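S.K.:
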Amino acid sequence: MSRPDIVRASSGGHDRPVVAARAVTKRYGGITALDGVTVELLAGRVHAIVGENGAGKSTLTGILGGVIRPDSGTVEIDGRPIELADPAAALDHGIAVVYQELSLFGAMSVADNVMLGIQPRRGGLIDRKKQRAQVEELLRRVGGGGIDPDEPTENLTVARQQLVEVAKVLARRPTAIIFDEPTAVLPSEESDTLLALVRSLADEGVAVGYISHRLSELTRIADDVTVLRDGKLVWAKPLADVTVPEIVSAMVGRAVEDAFPERTGEATEEPVLEVRNLLLPGTEPDGISFTCRRGEILGVAGLVGSGRSRLARYLFGMEGSYRGEVVLDGRPYQPRSPRHAARSGVMLVPEDRKRSGVILDLGADRNIGLPSLEALSNLGFVDRARERQLASEVVSDLAVRISDVTDPVSSLSGGNQQKIALGKWLVRKPRLLILDEPLRGIDVNAKSEIHRMLRRLADEGLAIILISSELPEVLGLSDRVLVMRDGKLVATFDEKPFSPDEIMAVATMEATP
Amino acid sequence: MNGVRVTLRQASDRGVLVWLLVALLAIQATFMSEFFLTGRNLSNLAGQLLPTGLAALGQMAAILVGAIDLSVGATARLAALLTAGLIDDDPSRVLWVLVVVLAISAVIGLANGLMVVKADFNPLIATLITYTVLRGVALVYTQEPIGGIPFEVTEFLYKNLLGIPYPAWIFLVLVVAMSVMLDRTRFGRNAYAVGGDEDVARRAGVAVGSVRLAMMVLCSVFAGLAGVVLAFRQGIGDPRVAEGLELTSIVAVVIGGVSIFGGRGNVWGVLGGVLFLSVLRNAMNLQGVDPLFQGVVTGILIIVAVVVFSRRDR
């Protein structure tokens, strides 16, 4: 697949940054999202900011956009430290952000969205004629000349909405623009248009920050690259001085340690789950095919949005029916609902623990009892004593640190909450356990405890699918690794040791080099 | 079937469907009662419509920014009692009492708004508190009919200009003003944004808190005005006036195609919703439907309408 070169009119730029974040730090509870990071955006240059999920890119964007306030460190504009109280303040200082998720009002027209809050006025009323003309001009500039300014934005395709989003930002005449993964939702031709636009904005003298996972994109438009990892700055260099493999290893960083528990159970060929040509909507014609065997941990690597979580939700009956064939324990499996999936022995510990893994306000006993209420009830009345008994067993089995099983889950640490989310399913003796980002927001010690627990479960014969954005975890814990990208299964690695650089390259590039 | 549903929703979205219902209702009433199209009945209809319409315009302002107001009826009642009680049949007091009552209404709106914007109360809770407090204040002020309105003021509301009753003129002017404010000013556009998605609005640089506060004050002022009109029409301060106005106003707004979650809808739909409720009540009166049974009919129609008109998506 050959794509047109993007012409760079200038790569010069000036030395003084238009916008800079200096030594910014942001903590959420015990987790440090950003740790003393400095990034400078120079006029006329595209500055790419890359890193794995959770590296701190979005937090950095939020700080520069006035959405998030740093705990320490400053934002400087033209060399002067500025307090950005809210996004309005950032906009006033010429910093605009094109956010990852679209921020348009569907029922409003394109023109009303683009000019929200900055409409041209005459005698106190919005001057519609002038507004229309201005919007048409902006749309032409972003390559969306065919878009009708009076159309409600919800009638536009996602790609066109993205262009409207960019027009909205340009309408505010920013001196610095930060793009947060703008091409994530775009098909490749539209991506090309957008990339060319980003480049031309820089050539007009705007300071551009560009966040993306797609390394092939960055190499086409960026002048400088900053790599973040675990909230820290790894390095910032001109693009000309680095190679793609260097960027990849900087993103992955940590060598995969051998601190992961060894497999002691024997490897079997007995399949628990066989997926044949499963089609996630929007990814036709390439179906997903893989097998998960008894006693193995099957890792699924890939970036956020690559379809990993969607695959998990399908297998757990949360997304309705799918096309393709799935066989569970030799019988066809088409889950209608999570309830049905759980009865069949497939259970999911979901990505967003606080919203769908546990009910924070309820006690540990009630959380653990919830999937097993039928077994715990007599004539429809829950036997509270048996529920507490069951909870006590789970709590001691998984070494959950809790003083009383009736304590609300919200009082526990992230790691212990996750053990509850896991434990409530283990009670039901699953055949296949799917874990989506099980270790997000969990401290290091709890992590290795959970690692050992998962290994033990697999050794006892459970089949485990492990989805994680933390590459070392996937590689260290898994017996085999699948890599997903854009809703497709793009690679399977069957043999240890896995190469993190190779897997990251497959996950981030459009085509394997 | 699905296609029908989509079309229905689009129509209700733009407030078109409600106008169709109003037309059907009016035709039915014209055929069933010879009085429906008489000047006297239409004048009466307009007079009944005005307080409901004012409350609905206010409610729309509040709902549009995602802050439904349950204190509308209580505010209107207190305003009505104060109006009648303070004027007390003295024509020279009409103007200053009007100013005072509307100022008090604005303060009530400010209290609602500050609770929601500054103290981060849920709007339902905040306005329910206000509702309870105001009901109490009204009871302390009077439990008997109070004061009086000079006859010429009451009479004015029954007069016509160019064949159209004054209350209809007043309402039409306010509807147009509201429409211009919402469609043609930055403030109005910002209000839609705040109700549509607070975070997105904030990121676009909209002062979310101020917009919400202003709309909640506007809502209470409209409610106060509704109370003033009720007092003017009845000629006395009735301690039971404006009962249930909060629900009526919400229903008119929702039937008019405004999203109960904010951010969507227009004034013309709300005008249709108000007409629908008023014509329905008028038609039932003319056709001799038992007043006790009217409540049941209205209730059922409201349930049906709300199911059809309220949107759940998004």
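Protein sequence lines, in the order shown, are assigned to chains W and V.
For the first sequence, the residue numbers in the numbering used here are 1 to 513.
For the second sequence, the residue numbers in the numbering used here are 1001 to 1314.
We put the beta carbon where it would ideally sit given N, CA and C, even for glycine.
As the structure is a prediction and not an experimental result, all values here were calculated from the model.
Pick from W:197, W:133, W:151 and W:94: whose alpha carbon is nearest that of residue 141 of chain W?
M.R.: Out of W:197, W:133, W:151 and W:94, W:197 has the C-alpha closest to the C-alpha of residue 141 of chain W.
S.K.: Cβ closer than 7 Å: which chain W residues qualify as neighbours of residue 1264 of chain V?
M.R.: Simply 107.
S.K.: Do residue 1256 of chain V and residue 1064 of chain V have their CB atoms nearer than 8 Å?
M.R.: Cβ distance not < 8 Å, so residue 1256 of chain V and residue 1064 of chain V don't count as in contact.
S.K.: Sort W:310, W:21, W:453 and W:437 by Cα distance to residue 394 of chain W and report the nearest one.
M.R.: Checking every option, the nearest Cα to that of residue 394 of chain W belongs to W:453.
S.K.: Buried or exposed: residue 258 of chain W, going by 16 or more other Cβ atoms within 10 Å of its Cβ?
M.R.: For residue 258 of chain W, the predicted structure reports a pLDDT of 48, less than 50, and the residue's modelled location is therefore unreliable. A value from the coordinates is still provided. Exposed, because fewer than 16 other Cβ atoms sit within 10 Å of the Cβ of residue 258 of chain W.
S.K.: Contact between the segment 1027 to 1035 of chain V and the segment 1283 to 1303 of chain V is defined here as three or more beta-carbon pairs at a separation below 8 Å; is this criterion met?
M.R.: Output reads yes: the segment 1283 to 1303 of chain V touches the segment 1027 to 1035 of chain V.
S.K.: Taking the CB atoms as reference points, tell me whether residue 434 of chain W and residue 471 of chain W lie closer together than 8 Å.
M.R.: No, the Cβ-Cβ distance between residue 434 of chain W and residue 471 of chain W is not below 8 Å.
S.K.: Assign residue 1112 of chain V to one of two classes, buried (16 or more other C-beta atoms within 10 Å of its C-beta) or exposed (fewer than that).
M.R.: The residue in question, residue 1112 of chain V, is buried, as its Cβ has 16 or more Cβ neighbours within 10 Å.
S.K.: Just list the residues that DSSP pairs residue 492 of chain W with in beta bridges.
M.R.: In DSSP, residue 492 of chain W forms a bridge with W:482.
S.K.: Distance check for residue 39 of chain W and residue 256 of chain W, CA to CA, integer angstroms please.
M.R.: Any reading at residue 256 of chain W must be qualified, since the residue scores a pLDDT of 44, below 50, and its modelled position is unreliable; the value itself is stated next. Those two C-alpha atoms are separated by around 28 Å.
S.K.: Give the residues of chain V in contact with residue 99 of chain W, contact being defined as C-beta atoms less than 9 Å apart.
M.R.: Near residue 99 of chain W (Cβ distances below 9 Å), the residues of chain V are 1200 and 1203.
S.K.: Given a threshold of 16 other Cβ atoms within 10 Å of its Cβ, counted over all protein chains shown, does residue 296 of chain W qualify as buried or as exposed?
M.R.: Residue 296 of chain W is buried by the Cβ-count criterion.
S.K.: Give the residues from the segment 60 to 94 of chain W that approach chain V closer than 9 Å (Cβ to any Cβ), ordered along the chain.
M.R.: Taking 9 Å as the Cβ-Cβ cut-off against chain V, the residues of the segment 60 to 94 of chain W that qualify are 65, 66, 67, 86, 87, 88, 89, 90, 91 and 92.
S.K.: Does DSSP put residue 383 of chain W in a helix, a strand or coil?
M.R.: Three-state result, residue 383 of chain W: coil.
S.K.: How is residue 272 of chain W classed by DSSP in three states: helix, strand or coil?
M.R.: The answer is strand: DSSP assigns residue 272 of chain W an E or B state.
S.K.: Give me the subset of the segment 106 to 128 of chain W whose CB atoms are less than 9 Å from a CB atom of chain V, sorted by chain position.
M.R.: Within the segment 106 to 128 of chain W, the residues whose Cβ lies closer than 9 Å to some Cβ of chain V are 106, 107, 108, 112, 113, 115, 116, 117, 118, 119, 121, 124, 125, 126 and 128, listed in chain order.
S.K.: How is residue 41 of chain W classed by DSSP in three states: helix, strand or coil?
M.R.: In the structure shown, residue 41 of chain W sits in a strand (DSSP, three-state: E or B).
S.K.: Under a CB-based cut-off of 8 Å, is residue 411 of chain W close to chain V?
M.R.: Closer than 8 Å: no.
S.K.: When you compare the CB positions of residue 288 of chain W and residue 42 of chain W, do they come within less than 8 Å of one another, or not?
M.R.: Cβ distance not < 8 Å, so residue 288 of chain W and residue 42 of chain W don't count as in contact.
S.K.: Whose Cβ in chain W lies nearer than 8 Å to the Cβ of residue 1190 of chain V?
M.R.: Neighbours of residue 1190 of chain V on chain W, chain order: 116 and 117.
S.K.: Shorter than 8 Å from the beta carbon of residue 1269 of chain V to some beta carbon of chain W?
M.R.: Taking Cβ atoms only, chain W never reaches closer than 8 Å to residue 1269 of chain V, which makes this a no.
S.K.: Take residue 1232 of chain V as the anchor and find which of V:1204, V:1180 and V:1146 has the nearest alpha-carbon.
M.R.: For residue 1232 of chain V, the nearest C-alpha among the options comes from V:1146.
S.K.: Rounded to whole angstroms, what is the Cα-Cα separation between residue 1076 of chain V and residue 153 of chain W?
M.R.: Looking at the two C-alpha atoms, the distance is approximately 39 Å.
S.K.: Leaving out five residues on either side along the sequence, give the residues of the same chain with a beta carbon under 8 Å from the beta carbon of residue 1301 of chain V.
M.R.: Result list for residue 1301 of chain V: 1280, in chain order.
S.K.: Could one say the Cβ of residue 103 of chain W lies closer than 8 Å to chain V's Cβ atoms, at least one of them?
M.R.: Yes - at least one Cβ of chain V is within 8 Å of the one on residue 103 of chain W.
S.K.: Would you please verify whether the beta carbon of residue 1193 of chain V is less than 8 Å from any beta carbon of chain W?
M.R.: Yes, its Cβ sits closer than 8 Å to a Cβ of chain W.
S.K.: Just mark residue 322 of chain W as buried or exposed, buried being the case when its beta carbon has 16 or more other beta carbons within 10 Å.
M.R.: Buried is the call here.
S.K.: Please determine if the segment 1235 to 1247 of chain V and the segment 1065 to 1085 of chain V are in contact, where contact requires at least 3 C-beta pairs separated by less than 8 Å.
M.R.: A contact exists between the segment 1235 to 1247 of chain V and the segment 1065 to 1085 of chain V.
S.K.: Go through its chain and collect everything with a Cβ distance to residue 278 of chain W's Cβ below 8 Å, but skip five positions before and after it.
M.R.: The answer, listed in chain order, is 287, 288, 289, 311, 314, 322, 323, 324, 325 and 326.
S.K.: Helix, strand or coil for residue 301 of chain W? Go by DSSP, reduced to three states.
M.R.: Residue state, collapsed to three classes: strand.
S.K.: Measuring only between beta-carbons, confirm whether residue 1067 of chain V sits less than 8 Å from chain W.
M.R.: Judged by the 8 Å Cβ criterion, residue 1067 of chain V is not in contact with chain W.
S.K.: Can you list, in chain order, the residues of its chain whose CB lies under 8 Å from that of residue 1047 of chain V, leaving out five sequence neighbours each side?
M.R.: Here the set comprises 1157, 1158, 1165, 1167 and 1233.
S.K.: Under 8 Å, Cβ to Cβ, is there at least one residue of chain W near residue 1185 of chain V?
M.R.: Interface residue, yes.
S.K.: Out of V:1278, V:1017 and V:1298, which has the shortest C-alpha to C-alpha gap to residue 1041 of chain V?
M.R.: Here the closest residue by C-alpha is V:1278.
S.K.: Is residue 1282 of chain V helix, strand or coil by DSSP?
M.R.: If DSSP states are grouped into helix, strand and coil, residue 1282 of chain V belongs with the helices.
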